[in-house]
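**Q** Submitted below is the structure of interest, expressed as C-alpha cells.
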Amino acid sequence: MKKILIVDDEPNIVMSLEYSFKKKNFEVYIARDGSEALQIAEEKVPDIVLLDIMMPNVDGYETLKHIKNNDKFKNTKVVFLSAKNKAADIEKGLQLGADKYLTKPFSVKKLVSEINELLN
C-alpha cells in the first residue's frame, strides 16, 4: 500500500483529499503545517507528499528543502498543491526539487491520476 502525506492547513481540502486517496487504497497521513509534516515524514517515510506552500510555522518551500536534504526521502516524490499560481512561484517550487506543481483550485480526479502516474 502506497503512503501519502497530505500537508495543508485548509480542513476542507484535507478532508476531500483524505477521502479520495483512502478510496484508492492509499495509507493517508495528515499534517497541518511543515513542522508537523516533517515529524510524520520521519516516522512514516511516505511514498509521496502533497504539499501546500502557504502554511503556519514552516512553509512548503522550507519543508521541501528539509525533505530534499535528507537521504531517507530520496525515493519520496513531492507535489506542490498551492494557490500561488504565478510563474515565479511555480518555477521556485520546481527548482527546489518538487516533482510536480499543481495549482488550486484543482480537480481531485485529475490530482489522483497525476499522483498515480508519478508513482508508477
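Throughout, our numbering is defined as the position within the sequence shown, counted from one, plus 751.
Even for Gly, the Cβ is constructed at its ideal location relative to N, Cα and C.
Spatial neighbours of L870 within its chain, please: CB distance less than 8 Å, with the 5 preceding and 5 following residues excluded, ordered by chain position.
**A** If we look at L870 and ignore the five residues flanking it on each side, its Cβ neighbours are K753, D798, I799 and K828.
**Q** Taking I781 as part of the beta strand (DSSP E), name the residues at either end of that continuous run.
**A** Segment E778 to A782, the beta strand (DSSP E) holding I781.
**Q** Give me the Cα-Cα distance between K775 and K816, rounded to the nearest whole angstrom.
**A** Spanning the two alpha carbons is a distance of roughly 28 Å.
**Q** Assign L869 to one of three DSSP states: helix, strand, or coil.
**A** Looking at L869 - three-state DSSP - the assignment turns out to be helix.
**Q** Does S833 come out as helix, strand or coil in the three-state DSSP assignment?
**A** Reduced to three states, the DSSP call for S833 is strand.
**Q** Suppose you measure from the CA of F777 to the CA of V796; what does that come to, to the nearest Å?
**A** Whole-angstrom Cα-Cα distance: 14 Å.
**Q** Excluding sequence positions up to five away, which residues of its chain have a Cβ less than 8 Å from the Cβ of I755?
**A** For I755, where only same-chain residues beyond five positions count, the Cβ hits under 8 Å are F772, F777, E778, V779, Y780, P797, D798, I799, V800, L801 and I866.
**Q** Can you give me the Cβ contacts of L853 inside the same chain, cut-off strictly under 6 Å, excluding the 5 residues immediately before and after it?
**A** L832.
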